[in-house]
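**Q** Dropping a structure here in structure tokens format, bear with me for questions.
In this note's numbering, the protein residues as written are 34 to 144.
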């Protein structure tokens, strides 16, 4: 079992969520990764990509939920995060069934 993770900053959590969105259909496209890189700096991207790559989907969702509780997002911040998630989902001009399912799961966690 993994040791308890440290709390993330909002930028780290945002990057992690967007990486999960990019990987929803098990295919991370260059467009998706490039878009995520424009939303953060290289240090945060590299740190979160490394952590994301080592996690299962269940661990990812649990980490997201735990950090959302700690960070206390405003409604405006959540709305902006949802917009960025959709940018990643639609960056490859497709919205697959797996992306739709992840969107519903994240919607339940966010709100």
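Idealized CB from N, CA, C, for every residue including glycine.
In whole angstroms, what separates the C-alpha of residue 56 from that of residue 144?
**A** So the two alpha carbons sit approximately 22 Å from each other.
**Q** Got a sec? Which residues, its chain only, sit under 6 Å from residue 139 by beta carbon, not counting five neighbours each side?
**A** Counting only Cβ-Cβ distances below 6 Å, and skipping sequence neighbours, we find nothing.
**Q** Can we say the stretch 67-85 touches the stretch 40-49, given the rule of at least three CB pairs closer than 8 Å?
**A** As far as the Cβ criterion goes, the stretch 67-85 touches the stretch 40-49, which means the pair count is three or higher.
**Q** If we count the other Cβ atoms within 10 Å of its Cβ and call it buried at 16 or more, is residue 74 buried or exposed?
**A** Exposed: under 16 other Cβ atoms inside 10 Å.
**Q** Would you identify the three-state DSSP class for residue 128, choosing helix, strand or coil?
**A** In this structure, residue 128 counts as coil in the three-state DSSP scheme.
**Q** Looking at residue 62 and residue 125, is the spacing between their C-beta atoms short of 7 Å?
**A** Taking 7 Å as the Cβ cut-off, residue 125 and residue 62 qualify as a contacting pair.
**Q** What's the gap between the Cα of residue 114 and the Cα of residue 87?
**A** Those two C-alpha atoms are separated by around 23 Å.
**Q** Nearest to residue 67 by CA position, among 136, 132, 122, is which residue?
**A** The residue with the shortest Cα to Cα distance from residue 67 is 122.
**Q** Return the first residue and the last residue of the alpha helix (DSSP H) that residue 59 is part of.
**A** Looking at the DSSP string, residue 59 is not in any alpha helix (DSSP H), and its letter there is neither H nor E.
**Q** Excluding sequence positions up to five away, which residues of its chain have a Cβ less than 8 Å from the Cβ of residue 117?
**A** Excluding residues within five positions, the ones whose Cβ falls inside 8 Å are 47, 51, 72.
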